[in-house]
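These notes are about the structure you will find just below.
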DNA sequence: CTGTTAGCGCCTTCAC
DNA sequence: GTGAAGGCGCTAACAG
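Residue numbers (this note's numbering), protein chains in the order written: chain D, 8 to 355; chain G, 8 to 355.
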């Protein structure tokens, strides 16, 4: 294709500013400014004149100048672990939609499951002037909260509820979710379990979901066997590899619990490749109830976590705080087991 | 949970600014500023002193002030059709990662398949000071380009290549992709086809992909039968519904081409529910080669579109332009047919 | 209801 | 190599 030489912006044609608008409308810049921010306090006739001028000049306010002067950017930041696999996409989408309807823009960044990166990108977002922040999960570098404190920046943690009460949070009980799922499998007659999870470090969802499995097993006098805990980065391939490891065990599990649907589907693939039938030879469960899992054959038993509601509630929470309204410090939303064909009693 | 009353920011503890840094370091604000922007021009010893002060005060530059003064925000905007179904997630992810490594932040918005909304959110992004923009697709409101022109804002279109040469673009040939897929199916012996696509209005991908199907059929002396074109919003449910409609036709298709994997998987679900075997009773194909399709049973035949490469290249394109470097006006990237179990010759 | 005025925090000429 | 000073575009006091 053709290469373009690039004499960057030789003629910086000036955008019209408020002064231009004011001049054209025959008012002061203060009045023009009020037409934008406090239209109710203007004489309807002057308001019309200013608006006409704005339209004529195709004036668009200068956000940076506004932010500098008013200390309000109408930008809200969010940091998600990753954009991949759509795990966080629905929360992000709901967050963006809700903020948009309140007139706020969402500035998004990823931390790639690394808490240092999280601090770094948060600093960037604060530098860019975001007024509030949303994070995924409860595990964060202490430095993050110092930074947020210095900026006096309201924030909310999501996808979990902070038991300590130190941080505002909106989420669900990850531990209870897998506890319920594990109990269900025990009820079906399973006694030997495999667990596939992401590394715990900096990932409270993985840790709490794994703890839920262990707790439920313990409550029934069971425990995870030797070699039955597999960890890896969240991907289909890692899920498959973990399942292959589990299948090679002497006393292999009859049920495998994955801490998310991606691992679970990866595990399903490995079972298919090994010629095992699901659920007769192996029960498999996920968490998050994604389309990826729901559309498998058989459908993946999973847990519907309220991730859309979390996004919406987070937006509401932050906007309420920014506008000086009362708000809920933390919200615990319900989850729900979704039973599909990937689970059954173990073969005799 | 507990409700919090919210006396918004009674004590606005002032963040340290450059003057504070300069004072502590015993230099002028100009020198402190240079320590940030032109460290090479400073005496190494003064540079150290200023940096020490920055560290001590935990100084973070004020982005809005910087932007206002320098006309550079180091923010780049992107508008995607939707966050759902992860169709655009990998492009977005690649874009964000590449921009991040160049020191730019990504500001993201969704247009929900509506070109008026696209203009609206773009205006917001420009107002917030983004220096460049990326869009998905070739179809846009003319007003969008007027706006970008007024702001002298570099932009690039993605997921397609603009044949007219009017706009910089990075993408692939959507028409050729489905042309190749359709030819493959004709080669397998199929003669009656169904087509499931998104509405064409404002969606060039849907239109071009559909055109590719028609063109390939025409090249073989075939055509889409009556009632064999089904359109709907992109969702699994719409794909299923479209397939049910196709199945109810008198002379029903033996192969169904969907313009994306989401529709295709929806169609697979409908076939399963109707008791049809894939591929014996029905061949189905998608586009985009998502995990959703790849993990179905049987795996979905699809087209690997270079969407990650597109995100990376778009980031590179925009950064090159912003930094005054030469750049490619447009880039055509290759696609690739991925044959899996969802396609076969029709049953006799 | 409207105008005047004084910066918000920073960068960037222009001197030295 | 460094300092002094002006102003980017806008809003919030304060007058009137």
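We put the CB at the ideal spot given by N, CA and C, even for glycine.
Under the 10 Å beta carbon count, residue 101(D) is surrounded by 16 or more other beta carbons and is classified as buried. Collapsing the DSSP output to three states places residue 281(D) in coil. Under DSSP, residue 204(D) takes part in a beta bridge, and its partners are 238(D). Only residues of its own chain outside the window of five on either side were considered, and among them 56 have a CB closer than 8 angstroms to the CB of residue 33(D), listed in chain order. By the neighbour-count criterion, in which a residue is buried when 16 or more other Cβ atoms sit within 10 angstroms of its Cβ, residue 70(G) is buried.
Under the 8 angstroms Cβ criterion, the segment 148-158 of chain G does not count as touching the segment 213-221 of chain G, having fewer than three qualifying pairs.
For residue 146(D), not one C-beta of chain G is nearer than 9 angstroms to its own C-beta. Rounded to the nearest whole angstrom, the CA to CA distance from residue 182(G) to residue 172(G) is 17 angstroms.
Contact of residue 157(D) with chain G is assigned, a C-beta pair being separated by under 9 angstroms. Counting every other CB atom within 10 Å of its CB across the protein chains shown gives residue 135(G) a total of 16 or more, marking it as buried. The alpha helix (DSSP H) runs of length 4 or more contained entirely in the segment 246-311 of chain D are, from start to end of the chain, 268-280, 298-301. C-alpha of residue 305(D) to C-alpha of residue 236(G): approximately 30 angstroms in a straight line. Put simply, the backbone Cα of residue 309(D) is about 21 angstroms away from that of residue 207(D). One alpha carbon belongs to residue 197(G), the other to residue 167(G), and they sit about 28 angstroms apart.
Judged by DSSP in its simplified three-state form, residue 152(G) adopts helix. Here the segment 84-98 of chain G makes no contact with the segment 245-255 of chain G; the two share fewer than three CB pairs at distances below 8 angstroms. Beyond the five residues adjoining it in sequence on each side, residue 327(D) comes within less than 8 angstroms, by CB distance, of 333, 334 in the same chain, given in chain order.
Membership of residue 184(D) in the alpha helix (DSSP H) is indicated by the continuous run 181-195. By the C-beta density criterion, residue 329(D) is buried, having at least 16 other C-beta atoms within 10 angstroms. Nearest C-alpha to residue 191(G) among 26(G), 10(G), 353(G): 353(G). When Cβ-Cβ separations below 9 angstroms define contact, residue 243(D) makes contact with chain G. Neighbours of residue 22(D) across chain G, judged by C-beta separation under 8 angstroms: 157, 158.
Here the segment 339-355 of chain G makes contact with the segment 285-299 of chain G; the two share three or more CB pairs at distances below 8 angstroms.
Excluding sequence positions up to five before and after residue 23(D), its CB lies within less than 6 angstroms of the CB of 64, 66, all in the same chain and listed in chain order. Between the alpha carbons of residue 346(D) and residue 124(D) lies a distance of about 37 angstroms. In summary, residue 227(D) is exposed, with fewer than 16 beta-carbon neighbours lying within 10 Å of its beta-carbon over all protein chains present. Annotation: residue 113(G) to residue 260(D) spans about 45 angstroms, alpha carbon to alpha carbon.
Contact of residue 69(G) with chain D is assigned, a C-beta pair being separated by under 9 angstroms. Our two residues, residue 325(D) and residue 103(D), have alpha carbons roughly 12 angstroms apart in a direct line. Following the DSSP letters along the chain, one finds residue 70(D) inside the alpha helix (DSSP H) bounded by residues 70-77. In the displayed model, residue 162(D) falls within a strand according to three-state DSSP. Against residue 100(G), the close residues of chain D are 89, 90, 91, 117, in the order they occur along the chain (beta-carbon pairs closer than 9 angstroms). Under the three-state reduction of DSSP output, residue 233(D) falls in the coil class, being neither helix nor strand. Spanning the alpha carbons of residue 189(G) and residue 111(D) requires a straight line of approximately 44 angstroms. 327, 328, 329, 330, 331, 332, 333, 334, 335, 336, 337: these are the residues of the segment 325-337 of chain G whose beta carbon lies less than 9 angstroms from some beta carbon of chain D, given in chain order.
Listed by position along chain G, the residues whose Cβ is nearer than 9 angstroms to that of residue 289(D) form an empty set, because the closest Cβ is around 15 angstroms away.
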